[in-house]
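Chains as they are written, first to last, in the working numbering: chain A, 3 to 115; chain B, 317 to 429.
Virtual Cβ for every residue (Gly too), placed ideally from N, Cα, C.
Encoded as structure tokens, the structure appears first; notes follow it.
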Amino acid sequence: NAGVTQTPKFQVLKTGQSMTLQCAQDMNHNSMYWYRQDPGMGLRLIYYSASEGTTDKGEVPNGYNVSRLNKREFSLRLESAAPSQTSVYFCASSVSGFSYEQYFGPGTRLTVT
Amino acid sequence: SQKIEQNSEALNIQEGKTATLTCNYTNYSPAYLQWYRQDPGRGPVFLLLIRENEKEKRKERLKVTFDTTLKQSLFHITASQPADSATYLCALGLSGGSYIPTFGRGTSLIVHP
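See below:
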């Protein structure tokens, strides 16, 4: 099992460009999440999908959109990148429901110039 | 407002000693608390979960305590090794609300040989 995979690993964008971060899990998990991690800020939830077909906003959703393509895949889109979106992005998944541990991908390091 | 506090200063200890990391919280009624390990350039990895009605949980050299009166969790690594050097994150899940945990900023542990 690969667990949670993310592509790309690194990306540099210019302000105003768009891109999609891809995430896939092979653990048959129902719930998936997108976080960003900035120095001194910890992990902050951007969007999550409790189950296939549903998505909800997290703590910092502005400037992002998500798509739960199927049970395995959950993508994060930046429509018009801004320097404030420079961060490391992590995708995670969990079985579902109450207090299940999350499994994280390796992260995407994004720089917006 | 709700806060999760972890010591921002790195904890330096000698190999073989017990490392103790602290997670304090305010304005939360957590249903559970989790601890994760994060190595540089990688995603967090789940270590332990403790529920609000549990005082202590152990797993090999790891021990977690949860004191809902003091609003504090302690994370212990006994017989620490240089390989235990990493950043450790605590995460709280709320009772009666979203099941998704909120993460602290993490504490760096450095174990010297």
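Item                                                                                                            : Value
Interface flag, leucine 327 of chain B vs chain A, CB-CB below 8 Å                                              : no
Contiguous beta strand (DSSP E) assignments of at least 3 residues, all confined to the region 29-77 of chain A : 33-40, 44-51, 66-70
Beta-carbon gap between methionine 121 of chain A and arginine 79 of chain A smaller than 8 Å                   : Nothing about residue 121 of chain A can be read from this structure; chain A reaches only from 3 to 115.
Coarse secondary structure for serine 424 of chain B, derived from DSSP in three states                         : strand
Selected residue, minimal CA-CA separation from threonine 9 of chain A, among A:Val90, A:Leu47, A:Glu103        : A:Val90
Contact under 8 Å by Cβ, isoleucine 320 of chain B with serine 396 of chain B                                   : no
Inter-residue Cα distance where the pair is glutamate 331 of chain B and histidine 428 of chain B               : 6 Å
Nearest to glutamine 318 of chain B (by Cα), restricted to the options B:Gly420, B:Ser424, B:Leu378, B:Leu405   : B:Gly420
Boundaries of the beta strand (DSSP E) in which lysine 373 of chain B is found, first to last residue           : 372-375
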